[in-house]
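Working notes, beginning with the structure itself.
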Amino acid sequence: MTPPPSILPFLANGLSLGLSISLVALAMALIWRTVGIIDFGLGAVYLAAAYATLFLTKGVGLPLAAAIPGALIIGTATAILLYWAVYRGFIRRGSPLFVTVLVSISVFMATQNLISAAISPQKFYFIDTILPGITVLGTRLNVAQLAKMGVSLTALAGVAFFCLRTGPGATILAVADNKRLAQGVGVNVDRAYGWTYGLAGLVVSAAAIPDVAESGVDPFVAINPVFLALAAIIIGGLGSFRNPVLGAVLLGLAFHLAVWVLPASWQEVIAYGFVLAVLVARPQGLFGGLNIVRERA
Amino acid sequence: MLYVVDVLTLTAIMAVAVHGYMLIKGLAGLLHLGHAVFYGLGAYASAILTTKVLPPGSFPLSVAAGALAASAGALLIGWPALKARGRYFMIVTFSMQLIFITLVINLSFTGGPDGLSSIPRLSFGPWQPGKRWMLDLGLVTLTFAQVKLLVMTGFTALSFWFCSRIVDSPYGRLIRAVREDEQVAEAYGRDATRAKLSILLIGAGITGAAGSLFAHHFNYVGPSQFELELTMLLLAMLILGGQTSLLGATIGTGLMVGLLEGLRFVLDNWLAVPFEMTAPLRQAAYSVILILILAVRARGLIPERLKRHGRPAPALPPRPVAAEPIPSSGTVTELGEVVLTCSNLQKHFGGLTAVAGAGFSLRRGRIVAIIGSNGAGKTTIFNILSGFERADLGEAHMGRQPILGKTPAEIARLGIARTFQDVRIWNRLTVIENILAARPHQPGEHPAHLFLSPGRVARAEADNIAAAWTLLERFGLADKANDLGNDLSYAQRKMLALGRITAFGPAAMLLDEPTSGVDPKRLDVFLDHIRTFARTDDRAVCLIEHNMTVVKELADWVLFMDEGKVMTSGTPHEVLGDHSLMRRYLGHQKAATA
Numbered sequence: 001m002t003p004p005p006s007i008l009p010f011l012a013n014g015l016s017l018g019l020s021i022s023l024v025a026l027a028m029a030l031i032w033r034t035v036g037i038i039d040f041g042l043g044a045v046y047l048a049a050a051y052a053t054l055f056l057t058k059g060v061g062l063p064l065a066a067a068i069p070g071a072l073i074i075g076t077a078t079a080i081l082l083y084w085a086v087y088r089g090f091i092r093r094g095s096p097l098f099v100t101v102l103v104s105i106s107v108f109m110a111t112q113n114l115i116s117a118a119i120s121p122q123k124f125y126f127i128d129t130i131l132p133g134i135t136v137l138g139t140r141l142n143v144a145q146l147a148k149m150g151v152s153l154t155a156l157a158g159v160a161f162f163c164l165r166t167g168p169g170a171t172i173l174a175v176a177d178n179k180r181l182a183q184g185v186g187v188n189v190d191r192a193y194g195w196t197y198g199l200a201g202l203v204v205s206a207a208a209i210p211d212v213a214e215s216g217v218d219p220f221v222a223i224n225p226v227f228l229a230l231a232a233i234i235i236g237g238l239g240s241f242r243n244p245v246l247g248a249v250l251l252g253l254a255f256h257l258a259v260w261v262l263p264a265s266w267q268e269v270i271a272y273g274f275v276l277a278v279l280v281a282r283p284q285g286l287f288g289g290l291n292i293v294r295e296r297a
Numbered sequence: 298m299l300y301v302v303d304v305l306t307l308t309a310i311m312a313v314a315v316h317g318y319m320l321i322k323g324l325a326g327l328l329h330l331g332h333a334v335f336y337g338l339g340a341y342a343s344a345i346l347t348t349k350v351l352p353p354g355s356f357p358l359s360v361a362a363g364a365l366a367a368s369a370g371a372l373l374i375g376w377p378a379l380k381a382r383g384r385y386f387m388i389v390t391f392s393m394q395l396i397f398i399t400l401v402i403n404l405s406f407t408g409g410p411d412g413l414s415s416i417p418r419l420s421f422g423p424w425q426p427g428k429r430w431m432l433d434l435g436l437v438t439l440t441f442a443q444v445k446l447l448v449m450t451g452f453t454a455l456s457f458w459f460c461s462r463i464v465d466s467p468y469g470r471l472i473r474a475v476r477e478d479e480q481v482a483e484a485y486g487r488d489a490t491r492a493k494l495s496i497l498l499i500g501a502g503i504t505g506a507a508g509s510l511f512a513h514h515f516n517y518v519g520p521s522q523f524e525l526e527l528t529m530l531l532l533a534m535l536i537l538g539g540q541t542s543l544l545g546a547t548i549g550t551g552l553m554v555g556l557l558e559g560l561r562f563v564l565d566n567w568l569a570v571p572f573e574m575t576a577p578l579r580q581a582a583y584s585v586i587l588i589l590i591l592a593v594r595a596r597g598l599i600p601e602r603l604k605r606h607g608r609p610a611p612a613l614p615p616r617p618v619a620a621e622p623i624p625s626s627g628t629v630t631e632l633g634e635v636v637l638t639c640s641n642l643q644k645h646f647g648g649l650t651a652v653a654g655a656g657f658s659l660r661r662g663r664i665v666a667i668i669g670s671n672g673a674g675k676t677t678i679f680n681i682l683s684g685f686e687r688a689d690l691g692e693a694h695m696g697r698q699p700i701l702g703k704t705p706a707e708i709a710r711l712g713i714a715r716t717f718q719d720v721r722i723w724n725r726l727t728v729i730e731n732i733l734a735a736r737p738h739q740p741g742e743h744p745a746h747l748f749l750s751p752g753r754v755a756r757a758e759a760d761n762i763a764a765a766w767t768l769l770e771r772f773g774l775a776d777k778a779n780d781l782g783n784d785l786s787y788a789q790r791k792m793l794a795l796g797r798i799t800a801f802g803p804a805a806m807l808l809d810e811p812t813s814g815v816d817p818k819r820l821d822v823f824l825d826h827i828r829t830f831a832r833t834d835d836r837a838v839c840l841i842e843h844n845m846t847v848v849k850e851l852a853d854w855v856l857f858m859d860e861g862k863v864m865t866s867g868t869p870h871e872v873l874g875d876h877s878l879m880r881r882y883l884g885h886q887k888a889a890t891a
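Protein sequences, first through last, are from chains A and B. Numbered according to my numbering, the first sequence spans residues 1 to 297. Numbered according to my numbering, the second sequence spans residues 298 to 891.
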């Protein structure tokens, strides 16, 4: 029997993946807590940022670094636009959660398929050379992976700063905590929703750009990030905005530690099994707090 | 031509799956987001059995196995997930949808990512038609594909009949009552979790059968056929037609296929869109159609069909059934049998003490009124006695049976029923259905009886309907019998709540502010009814009341509660005549209203 390989590379990869999931999970949690929608439509935002990067680099001919601000703006604008054009009507009508979930899934699916029809279902790559990298903890991390981890940490810190130190950020937290009370003290809820979508869009775009820069873009590239983000929220819980981030890191670790002991094909089964176990044993999430899934829909 | 037959065959199969979805999402209101899993379970079960286990010609057996496999899957998902309410089920089923595909790809007996092919076509025992098989009927000759279409349409008709039996039955009524307010269903002795689980199993079974039909139609199953896209398509079909209508579900399926095929035709023939773009455009189309339906007409094309219950012809000349006038003064001297006793009940919510050692007993034919300011613990006592809250300490017995720790349904079946302060009638049931759904001992509430002993169910239902009409007349609601509960005025809803609890026929009635918000001019009618519960029907009645006129008029015995304790008790004359007590009570009331 061969000795098991060192655990360290798996930890490093798991952490990298976890941080990447954490951004989309945080964006989803922001909208879920504040607006009250489980927004799979963030997948459309992810695609918008990804394809904007593709268009700005391959179509316009900008270098990747110059394309990034444009892609961030387009992603953020897409999120706000989706809120204004699609979700706002449903929210105003007081549509139940099930309806808004269906709408958000439909937005995501329609975007995937429209891109597939209008552009191409095939994958485009940005970088075709082997990226330089360094060896950390016995695993080789390339520049894109390091950049992703850096971006994730920066974005998480940025969201925390925005929410805790700025006026619009404070309105988001207030509405997330208690919408009626926030309304009562004069917070413009509609505007707070707009800010939430803008912030979520920016965070998702920040997750999307390094992801696709590393591994290319196709119409279905957003499926995994979005559904893993949901899984991270289930694992971590929605008690505070820290919980889904912790959930994402745990999920990333589970994903890669599963490969440490089992064949790679079981990676997803183990990860989703983890989700199921949490759903059955601790539906409020491991870090608990607000038991959002048990509220009456 | 072959293409049209093929599309129609698939439509017929999908309609069966949408019928299953209608039972789960429409009839039962379960937020189910993983329907493709049940369809896939049925398809895979049939594929595996017919390619690896069963002899050729086992199509009927295979369909039954598909149904069973899906029901078994539903049991696994539903048992843990349905105990909780609402959105938890949605998240679990959605997760199952994502996990199912991953599992199927990773298991070897499902054929992994390649799926399973060479699934036998329709066959029955020795009848195993080949490719060129034809059915010669003299005037016309049918190809195998056409015969298959007829068979699948037959299955659609069968599932329509089966589901409509369920929807129109007492069982369907129970499921709708649970959908509208499961706690109230439990307060009337029904096990809501079991009801939800049973309809989930039935709906999943029908869908699994559809999946099996699909496997035998397509002769191949693979993971990509049962993804979230399929769940969304089935949902779009259901919601387009009207999710609470079986006819709507059927029409919605046809319409959606028609829309998508029309789109394909336009794209292919008029716009000359390249072939590889049509498929994603069709998928985008039904997503957009779903958003549009939800935005414009979320309840779909066809509303829930409400069964109208006609008044049965009276066998005897009608007799006046209005509440008998009963002298309103004087107390009953003869003491009835003790029905319900409780003692030393205690309940704390965090640091707050809601009930601190309260106790009393209820006797047949007697009305006990509990008075006290808001927060005195009155409703908490009702919640404890009806099983909705667990007492921290204390004892309570119905007859000789201890009731603390039992579920609301178990307690109700022992003969205790309650009304709710906020009325809580089943809004989307008609008035007579509200009464019918509360009546106990209905054989038709068990799905198996519907099909195994239909005669017994029909007789019991006829009796129930006759009894319900009598009750509606007694409570002055006969002219509203077939109106939705939602359409009643507040006083009528309060009256219906009294009718509903009478229909259940409990030995002990707990009435939570039965007359609050009622027009003073109509108050007498309410008082007459409540008096009848005790004096004529010989029930033990306990009511929470703030209106001292009502207390004076009705009560044989009054309990004054404060800070979770029974401070004093006595005849209305004694308690209401105690000026210091009343000052304390009214002081509280003033402070509360100030």
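Even for Gly, the Cβ is constructed at its ideal location relative to N, Cα and C.
Beta-carbon proximity check, residue i vs residue j, cutoff 9 Å
i, j, result
"L682 (chain B)", "I713 (chain B)", "yes"
"N724 (chain B)", "N779 (chain B)", "no"
"C639 (chain B)", "E692 (chain B)", "yes"
"A793 (chain B)", "I722 (chain B)", "Note that residue 793 (chain B) is Leu in the sequence shown here, rather than Ala. Cβ distance < 9 Å, so L793 (chain B) and I722 (chain B) count as in contact."
"V665 (chain B)", "L543 (chain B)", "no"
"A229 (chain A)", "A27 (chain A)", "yes"
"A533 (chain B)", "S456 (chain B)", "no"
"G167 (chain A)", "L17 (chain A)", "no"
"L598 (chain B)", "G539 (chain B)", "yes"
"V151 (chain A)", "L257 (chain A)", "no"
"L102 (chain A)", "L447 (chain B)", "no"
"G654 (chain B)", "K322 (chain B)", "no"
"L535 (chain B)", "M393 (chain B)", "no"
Reference residue i; option with closest CA among the options
i, options, result
"E483 (chain B)", "B:I708, B:H826 and B:S521", "B:I708"
"I252 (chain B)", "A:A77, A:V275 and A:L286", "Summary: the structure shown does not reach residue 252 (chain B), with chain B confined to residues 298 through 891, and so no result is reported for it."
"K318 (chain A)", "A:A192, A:P168, A:A50 and A:G167", "Residue 318 (chain A) is absent from the structure shown; chain A starts at 1 and stops at 297."
"L81 (chain A)", "A:A44, A:P121 and A:T100", "A:A44"
"P705 (chain B)", "B:G408, B:N403, B:A595 and B:R487", "B:R487"
"T292 (chain B)", "A:Q284, A:I270 and A:P283", "Examination of residue 292 (chain B) is not possible in this model, given that chain B is present from 298 through 891 alone."
"L19 (chain A)", "A:L286, A:A66, A:S215 and A:Q145", "A:Q145"
"A775 (chain B)", "B:Q739, B:E730, B:A745 and B:P811", "B:E730"
"G796 (chain B)", "B:N566, B:V815 and B:A734", "B:A734"
"K58 (chain A)", "A:I38, A:I119 and A:F126", "A:F126"
"G41 (chain A)", "A:F90, A:N13, A:G70 and A:M109", "A:M109"
"A200 (chain A)", "A:V60, A:I172 and A:L97", "A:I172"
Beta-bridge partners of residue i, as assigned by DSSP
i, result
"T650 (chain B)", "B:H645"
"L56 (chain A)", "Note: L56 (chain A) sits in no beta bridge, so no partner."
"M858 (chain B)", "B:V863"
"S640 (chain B)", "B:E692"
"V518 (chain B)", "B:L413"
"G133 (chain A)", "A:N142"
"D809 (chain B)", "B:I841"
"T727 (chain B)", "B:L781"
"F657 (chain B)", "B:C639"
Buried versus exposed, by CB contacts within 10 Å (16 or more), residue i
i, result
"D218 (chain A)", "buried"
"I827 (chain B)", "buried"
"P417 (chain B)", "buried"
"P624 (chain B)", "At P624 (chain B) the pLDDT is 42, less than 50, meaning the model places this residue with poor confidence and gives no usable figure here."
"Q698 (chain B)", "exposed"
"L8 (chain A)", "exposed"
Checklist entry - Which residue spans inside the segment 668-711 of chain B form an unbroken beta strand (DSSP E) run of at least 3? => result 690-695
Item to check | beta strand (DSSP E) runs wholly inside the segment 375-450 of chain B, at least 3 long, in chain order | outcome: 431-433 and 438-440
Checklist entry - Which ranges does the alpha helix (DSSP H) cover as unbroken runs of at least 4 residues, wholly within the segment 194-254 of chain A, from first to last along the chain? => result 223-236
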